[in-house]
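>
Number of protein chains: 2
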Amino acid sequence: MSESSEAASGGVWTRRRFFEQLMAVGGVSLAMAGMDALGFGFASAQTAPPSMPGGAKGTKVVILGAGLAGLTSAYELIKAGYSVQVLEARGFAGGRAQTARKGFEDTDLMGHRQVCEFDEGQYINIGPWRIPYHHQSTLHYVKEFKVPVELFNNDNDASYVYFEKGKGPLAGKPIRKGQIAADARGYTAELMAKVASKGDLDAALSPADRETFLAYLVNEGRLSRSDLSYKGTDGRGFDILPGAGVDPGPGKESPPFAFADVLNSRAWRVLSSVAGWDQQRTMFEPVGGMDMIPKGFVKALPPDAITYNASVERIMQNAKGVKVAYTDAAGKKVEVSGDYLICTIPLSVLKNIQMDASKPFIEAMNGVSYSAVNKIGLQMKTRFWEEKHWIYGGHVYNDIPGIGTISLPSTGWHSQKGVLLGYYAFGGEAAKISALSPADRAKFAVAQGQKIFPEYAENFETAFSKSWHLDGFNLGGWAEWGDEGRKTAYPVLCEPDGRIYLAGEHLSYLTGWQAGAIESAWQQIGKLHARVQQA
Amino acid sequence: MSESSEAASGGVWTRRRFFEQLMAVGGVSLAMAGMDALGFGFASAQTAPPSMPGGAKGTKVVILGAGLAGLTSAYELIKAGYSVQVLEARGFAGGRAQTARKGFEDTDLMGHRQVCEFDEGQYINIGPWRIPYHHQSTLHYVKEFKVPVELFNNDNDASYVYFEKGKGPLAGKPIRKGQIAADARGYTAELMAKVASKGDLDAALSPADRETFLAYLVNEGRLSRSDLSYKGTDGRGFDILPGAGVDPGPGKESPPFAFADVLNSRAWRVLSSVAGWDQQRTMFEPVGGMDMIPKGFVKALPPDAITYNASVERIMQNAKGVKVAYTDAAGKKVEVSGDYLICTIPLSVLKNIQMDASKPFIEAMNGVSYSAVNKIGLQMKTRFWEEKHWIYGGHVYNDIPGIGTISLPSTGWHSQKGVLLGYYAFGGEAAKISALSPADRAKFAVAQGQKIFPEYAENFETAFSKSWHLDGFNLGGWAEWGDEGRKTAYPVLCEPDGRIYLAGEHLSYLTGWQAGAIESAWQQIGKLHARVQQA
Chain A
1 MSESSEAASG GVWTRRRFFE QLMAVGGVSL AMAGMDALGF GFASAQTAPP
51 SMPGGAKGTK VVILGAGLAG LTSAYELIKA GYSVQVLEAR GFAGGRAQTA
101 RKGFEDTDLM GHRQVCEFDE GQYINIGPWR IPYHHQSTLH YVKEFKVPVE
151 LFNNDNDASY VYFEKGKGPL AGKPIRKGQI AADARGYTAE LMAKVASKGD
201 LDAALSPADR ETFLAYLVNE GRLSRSDLSY KGTDGRGFDI LPGAGVDPGP
251 GKESPPFAFA DVLNSRAWRV LSSVAGWDQQ RTMFEPVGGM DMIPKGFVKA
301 LPPDAITYNA SVERIMQNAK GVKVAYTDAA GKKVEVSGDY LICTIPLSVL
351 KNIQMDASKP FIEAMNGVSY SAVNKIGLQM KTRFWEEKHW IYGGHVYNDI
401 PGIGTISLPS TGWHSQKGVL LGYYAFGGEA AKISALSPAD RAKFAVAQGQ
451 KIFPEYAENF ETAFSKSWHL DGFNLGGWAE WGDEGRKTAY PVLCEPDGRI
501 YLAGEHLSYL TGWQAGAIES AWQQIGKLHA RVQQA
Chain X
536 MSESSEAASG GVWTRRRFFE QLMAVGGVSL AMAGMDALGF GFASAQTAPP
586 SMPGGAKGTK VVILGAGLAG LTSAYELIKA GYSVQVLEAR GFAGGRAQTA
636 RKGFEDTDLM GHRQVCEFDE GQYINIGPWR IPYHHQSTLH YVKEFKVPVE
686 LFNNDNDASY VYFEKGKGPL AGKPIRKGQI AADARGYTAE LMAKVASKGD
736 LDAALSPADR ETFLAYLVNE GRLSRSDLSY KGTDGRGFDI LPGAGVDPGP
786 GKESPPFAFA DVLNSRAWRV LSSVAGWDQQ RTMFEPVGGM DMIPKGFVKA
836 LPPDAITYNA SVERIMQNAK GVKVAYTDAA GKKVEVSGDY LICTIPLSVL
886 KNIQMDASKP FIEAMNGVSY SAVNKIGLQM KTRFWEEKHW IYGGHVYNDI
936 PGIGTISLPS TGWHSQKGVL LGYYAFGGEA AKISALSPAD RAKFAVAQGQ
986 KIFPEYAENF ETAFSKSWHL DGFNLGGWAE WGDEGRKTAY PVLCEPDGRI
1036 YLAGEHLSYL TGWQAGAIES AWQQIGKLHA RVQQA
């Protein structure tokens, strides 16, 4: 790359201007990260745990929660020489990183108990389920624990979109996403090209740029070069596929939908110039289930590092240390003490636990809300979406209330059965469905999915559903910060209160992602360690 | 799906009109396939081998070539009861479906002999390397032989585009594809939205459609709702990634490139409303190498079905049968005879072999050309494209002469080493590079790749290159038909000449794909079997 080429541009920032801007915004550390960014486009302050040299000076840290934030804290602190005790309310580690497979149990706050009855080898990730390639913190531990990963198909043009609230002939019909992409972009490019070729954009584009713009539009919209019209494209699919010989020979391309029909269907909602940052290709998933990551941590920790079934009742601190009172598996009251505390309990739950902390700190916990989140895995006796519809993974975007996204598995290609995600829904509609019994939730999911796949009901075997807002250890899927909360409450909770450090996805801008939990933990143990070194 | 909804549309064909059209074009069989298509968008005449009931009536078929077409023919004919003998010129089966791994040997027509020195477990598919999800014929055998497959990352927004022949500050710089997509589409949507909001499209769109169109443009281009401007989007990446706490906190989105710079870079050539049909997501590859598919065939065939190292010298036929003269591994002249012949030898090679066939048949072989195709695998001692650049698979599109596509492996995530595809180039530039010695080809590939990845040269260990036009058994990568050839020569070669049937990718509209070879074989053995039944 040429050192001077960027500076020569009027529109693109010069290197110098870019650094000046960075310095103004975030000081030297951001500017340093920016230097990386200039090279290749991305940079991250946190792709690896903090270096913690200098020893632990005999410090003991109590950690509440064995989710990703707690596990990360425990693993790195032990490595740095600390004495660590983790208290976990559940009978297993991983927090929300749960995989439901045969025998997995769950009882929600309404008393609905489920035991997973999937076949051996079948599973659904009822918590986090995908890892974007830029979540290098999560991938750091994937590598550290040699967790095999496979590609997660997060964007499949062959998958359906289904919008029943749209209008016109395409509403309420499963349509391939690629057909909507081809037609919406094709017709738009045609309109644009015709405007541009008439010279109507001369104020915006120089004549030379206009010619290049037209070339781009022809390429992007797959327009006819001669008359700049969109007449369809092989990319939207075939009514008769091309093949051998003279029949089917070249096949028969599918004709485009009418532009007005595409617009009225509102199926274009699934289109975007580029996917949102956290939904981008490439995406990974651990082979065998997301809980392979927490299992990697647990294997790497000393056998007695985590005390399970420990229900925290009170968090205490004074100038010299911290103390936590909890009830153990047998119902016995126990106290543990340490020099510092890292608390990864979700704020939704933590705010109901008595804690010695300053009033602003306690009050800040009310600055966030937690989302209602539903998921359901449906075991199907055949992989009809692959066999009949040729959809290999990816999502079926739709506007069916309470369904949100239907998602097809990115694993087990060509095997007999599969577990698909029957709904992934948030908010009020999710809360409504979660009030049903597990059997009725499955009934609902199957009936709705049937609108899209005629083979749905006849293939359904067994379901496992999860409602995170009905999980007493979480009371919601993830933290949702409003602008005001981010401004006032969030910075308060990011700093320690006395000897108590909070960590978790809720203290990051990657809420709902494992990377948020890990990077928050890295940040807090880094601060704690610096304090120990200075003490 | 509603039966009547499509008929209600003015712009979309009614079912009836659609069928009428199909009947006119292709008769009942196409109309039948079209009925499938109307349900879900795609249909194929050939997703499974022809049913061949009725027995083989003691018929013996000689098959020339143990590539995908020959293997398919042999496997299905044996299943249907035929006696089969396959003659293969190479010492192994698979034809072009070759995987270079440690010890693999290749000597080209210029006398350049290579022995692959990749580490154990490393490989490159020097022939076909990917299977689109709609190549159900290829996937049929993947399933039949239980060949494990994994996703092939054929479209990676995080990968670079590199166009050194463009103009302006972005030319000759690696740029993330997603940034070009966001900016080109974003600015275009802005221009379009501003035109539309001024009412300039009233001839093309009704007022209601215009409002919906604006909503689409805002969504697609990620425009500001208030002033319809494109100011960048998180989807194009960050200069400072979002993370935990308040620093980096929300991070810092990267600013968009200037529109004129994007246009002048010509990097938008990689953008298309939807990928071309044969390049679409989802794409697969066999775990461990493409030759796992031919190996599956060979394992399923009787041990003596294939005679290797058989160099065909003459193909004879008369009214009663066929006879093939070949030279065996020891240089001895041998003749085999049978009732029918299926010849899968590429036309580029076949036209130099003496064959008893009609003059029009022989002449038709001149109606096709074969492309020069180069590939090179470069073993790198670290996976720097993943570790330093966060590019996990996908292609680096570029305009470097002789390089074509650079492609990063979709397998071995997080392992130590990797083999990337250093060039995949066609035509004259490929021919020029293939004239170099293997060592000089590698030198060229490494020097060019270095323009994009600064870690290229220091990581390079060993290479294996293939030039298909310099392979005496192929004389080119695949058949390339012009319009005239398709019209006149192609139909002649699709029909048998006497007792000789040709098969292979060259007799399909899927040239260069394994699916073309398989479907061509299916078609020809289907015809042959029908003839045997009628005889």
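Top line first, the protein sequences correspond to chains A and X. Residue numbering for the first sequence follows our numbering, starting at 1 and increasing by one per position. Residue numbering for the second sequence follows our numbering, starting at 536 and increasing by one per position. In this text, a Cβ means the ideal position worked out from N, Cα and C, and glycines have one as well. The structure presented is a predicted model; accordingly, all values stated were derived computationally and were not measured.
Counting contacts by CB-CB distance shorter than 9 Å, is A:Gln179 in contact with chain X?
Here residue 179 of chain A refers to the residue found at position 179 when the first sequence is read from its first residue. Judged by the 9 Å Cβ criterion, A:Gln179 is in contact with chain X.
> What does X:Leu1042 reach in chain A if we use C-beta pairs closer than 9 Å?
By 1-based counting over the second sequence, the position of residue 1042 of chain X is 507. Result: Ala244, Gly245.
> Taking the alpha carbon of A:Phe473 as the reference point, which residue from A:Gly95, A:Gln514, A:Leu77 has its own alpha carbon closest?
Sequence index remark: in the first sequence, residue 473 of chain A carries index 473 (1-based). Looking at the Cα atoms, A:Gly95 is the closest of the given residues.
> Under 9 Å between C-beta atoms, does X:Cys1029 make it to chain A?
Position 494 of the second sequence, counted from the first residue, corresponds to residue 1029 of chain X. At least one chain A Cβ lies under 9 Å of X:Cys1029.
> Here's the rule: buried if 16 or more other CB atoms are within 10 angstroms of the residue's CB, otherwise exposed. What is A:Lys79?
By one-based count along the first sequence, residue 79 of chain A stands at place 79. It is exposed - the Cβ of A:Lys79 has fewer than 16 other Cβ atoms within 10 Å.
> I need the boundaries of the alpha helix (DSSP H) containing A:Gln523, first residue and last residue.
As a first step, residue 523 of chain A must be located in the first sequence, where it is residue number 523. Unbroken alpha helix (DSSP H) run through A:Gln523: 514-534.
> Check the Cβ of X:Gln581 against every Cβ in chain A and list those closer than 9 Å, keeping chain order.
On the second sequence, residue 581 of chain X is found 46 positions in, with the first residue counted as 1. In chain order: Leu241, Gly243, Ala244, Pro248.
> Is A:Ser434 helix, strand or coil by DSSP?
Working through the first sequence from its first residue, we reach residue 434 of chain A at position 434. A:Ser434 falls in the helix class under three-state DSSP.
> Note down, in chain order, each residue of its chain lying with its Cβ closer than 7 Å to the Cβ of X:Leu612, except the 5 sequence neighbours on either side.
In the second sequence, the residue the question calls residue 612 of chain X occupies position 77. Here the set comprises Val596, Val619, Ile1060.
> If X:Tyr905 and X:Pro881 are in contact, beta carbons under 8 Å, what's the gap, nearest whole angstrom?
Along the second sequence, one-based indexing puts residue 905 of chain X at 370. Along the second sequence, one-based indexing puts residue 881 of chain X at 346. With 8 Å as the limit, X:Tyr905 and X:Pro881 qualify as a contact, their Cβ atoms being about 7 Å apart.
> Leaving out five residues before and five after X:Cys1029 in sequence, what residues of the same chain have Cβ atoms less than 7 Å from its Cβ?
Within the second sequence, numbered from 1, the residue matching residue 1029 of chain X stands at position 494. Same-chain partners within the cutoff: Leu1042.
> Closest to X:Ala966 by C-alpha separation, out of X:Thr917, X:Tyr668, X:Ser1002, would be which residue?
Counting from 1 along the second sequence, the entry for residue 966 of chain X is found at position 431. Measuring from the Cα of X:Ala966, the nearest candidate turns out to be X:Ser1002.
> So X:Ser586 contacts chain A; which residues on that side make the cut at Cβ distance below 8 Å?
As a position in the second sequence, residue 586 of chain X is number 51, starting the count at 1. Those within 8 Å of X:Ser586 in chain A number zero; the least Cβ separation is about 17 Å.
> Helix, strand or coil: which one does DSSP assign to A:Gly485?
Position 485 of the first sequence, counted from the start, is the residue given in the question as residue 485 of chain A. It is helical.
> So, for X:Gly953: in the same chain, excluding its five sequence neighbours on each side, which residues have a beta-carbon less than 6 Å away from its beta-carbon?
The count along the second sequence starts at 1 and reaches residue 953 of chain X at position 418. So the qualifying residues of the chain are Met915, Arg918, Pro944, Gly947.
> Among the residues of its own chain, which have a CB less than 7 Å from the CB of X:Val1067, if the five just before and after it don't count?
For the purposes of this step, residue 1067 of chain X is taken as residue 532 along the second sequence, with counting starting at 1. So the list reads Ala591, Lys592, Thr594, once near-sequence residues are dropped.
> Pop quiz: A:Thr99 and A:Asp291 are said to be a contact at Cβ under 8 Å. What is the actual Cβ separation, rounded to whole angstroms?
The sequence position of residue 99 of chain A within the first sequence is 99, counting from 1. The sequence position of residue 291 of chain A within the first sequence is 291, counting from 1. With 8 Å as the limit, A:Thr99 and A:Asp291 qualify as a contact, their Cβ atoms being about 4 Å apart.
> Going straight from the alpha carbon of X:Leu1063 to that of X:Ile1035, what length do you get?
Here residue 1063 of chain X is taken as the residue at index 528 of the second sequence, counted from 1. Here residue 1035 of chain X is taken as the residue at index 500 of the second sequence, counted from 1. Cα-Cα distance, rounded: 10 Å.
> In three-state DSSP terms, what is X:Ala1014?
Position 479 of the second sequence, counted from the first residue, corresponds to residue 1014 of chain X. The answer is strand: DSSP assigns X:Ala1014 an E or B state.
> Could you tell me which residues DSSP puts in a beta bridge with X:Ile659?
Numbered from 1 along the second sequence, position 124 holds the residue referred to as residue 659 of chain X. X:Ile659 pairs with X:Ala635.
> Let me know the alpha helix (DSSP H) ranges lying completely inside the stretch 919-1000 of chain X, each 4 residues or longer, listed in chain order.
Correct list: 919-922, 962-969, 973-984, 991-994.
> Using a C-beta to C-beta distance shorter than 8 Å, which residues of chain A count as neighbours of X:Asn754?
Position 219 of the second sequence, counted from the start, is the residue given in the question as residue 754 of chain X. Simply Trp268, Arg269, Leu271, Ser272.
> When you compare the CB of A:Gln533 with every CB in chain X, is at least one pair closer than 9 Å?
Locating residue 533 of chain A in the first sequence gives position 533, counting from the first residue. Answer no: the Cβ-Cβ gap between A:Gln533 and chain X never drops below 9 Å.
> Which residues of the stretch 658-681 of chain X have a Cβ closer than 9 Å to any Cβ of chain A? Give them in chain order.
So the close ones are Tyr668, His669, Gln671, Ser672, Leu674, Val677, Lys678, Lys681.
> Quick check: the stretch 719-730 of chain X against the stretch 743-758 of chain X, are at least 3 beta-carbon pairs closer than 8 Å?
Touching, yes.
> What I want to know is whether the C-beta of X:Val809 ends up closer than 8 Å to one or more non-hydrogen atoms of the ligand NAD.
Ligands displayed in this structure: none; no statement on the ligand NAD is therefore possible.
> Report the rounded CA-to-CA distance for A:Ala184 versus X:Thr747, giving the unit in angstroms.
By 1-based counting over the first sequence, the position of residue 184 of chain A is 184. By 1-based counting over the second sequence, the position of residue 747 of chain X is 212. Distance between the alpha carbons of A:Ala184 and X:Thr747: 12 Å.
> Do A:Ala399 and A:Tyr162 have their CB atoms nearer than 9 Å?
If you number the first sequence from 1, residue 399 of chain A lands on position 399. If you number the first sequence from 1, residue 162 of chain A lands on position 162. Inspection of the sequence shows that residue 399 of chain A is occupied by Asp rather than by Ala. Yes, the Cβ-Cβ distance between A:Asp399 and A:Tyr162 is below 9 Å.
> Is it the case that the Cβ atoms of X:Asn689 and X:Met818 are separated by a distance below 9 Å?
Stepping through the second sequence from its first residue, residue 689 of chain X is reached at position 154. Stepping through the second sequence from its first residue, residue 818 of chain X is reached at position 283. Yes, these two residues count as a Cβ contact at 9 Å.
> Does any CB atom of chain X fall closer than 9 Å to the CB of A:Glu120?
Walking along the first sequence from the start, residue 120 of chain A turns up at place 120. By this cut-off, A:Glu120 is not an interface position.
> Among X:Phe792, X:Leu736, X:Asn887, X:Lys700, whose alpha-carbon lies nearest the alpha-carbon of X:Arg849?
For this step, residue 849 of chain X is matched to residue 314 along the second sequence. That would be X:Asn887, whose Cα lies nearest to the Cα of X:Arg849.
> Below 6 Å CB to CB, which residues in the same chain sit around X:Pro704 once its five sequence neighbours on both sides are set aside?
For the purposes of this step, residue 704 of chain X is identified with residue 169 of the second sequence, where counting begins at 1. So the list reads Asp796, once near-sequence residues are dropped.
> Using 8 Å for Cβ pairs, my map puts X:Gly1033 next to X:Ser1055. What's the rounded Cβ distance?
Counting from one through the second sequence, the residue named residue 1033 of chain X turns up at place 498. Counting from one through the second sequence, the residue named residue 1055 of chain X turns up at place 520. That pair is no contact at about 19 Å.
> Taking 9 Å as the threshold (beta carbon to beta carbon), is A:His529 in contact with chain X?
Stepping through the first sequence from its first residue, residue 529 of chain A is reached at position 529. Taking Cβ atoms only, chain X never reaches closer than 9 Å to A:His529, which makes this a no.
> For X:Arg771, which three-state DSSP category applies?
Taking the first residue of the second sequence as 1, we reach residue 771 of chain X at position 236. Here X:Arg771 sits in helix by DSSP.
> Compute the Euclidean distance between the alpha carbons of X:Ala1052 and A:Asp440, then round it to the nearest angstrom.
Position 517 of the second sequence holds residue 1052 of chain X. Position 440 of the first sequence holds residue 440 of chain A. Taking the straight line joining both Cα atoms gives about 49 Å.
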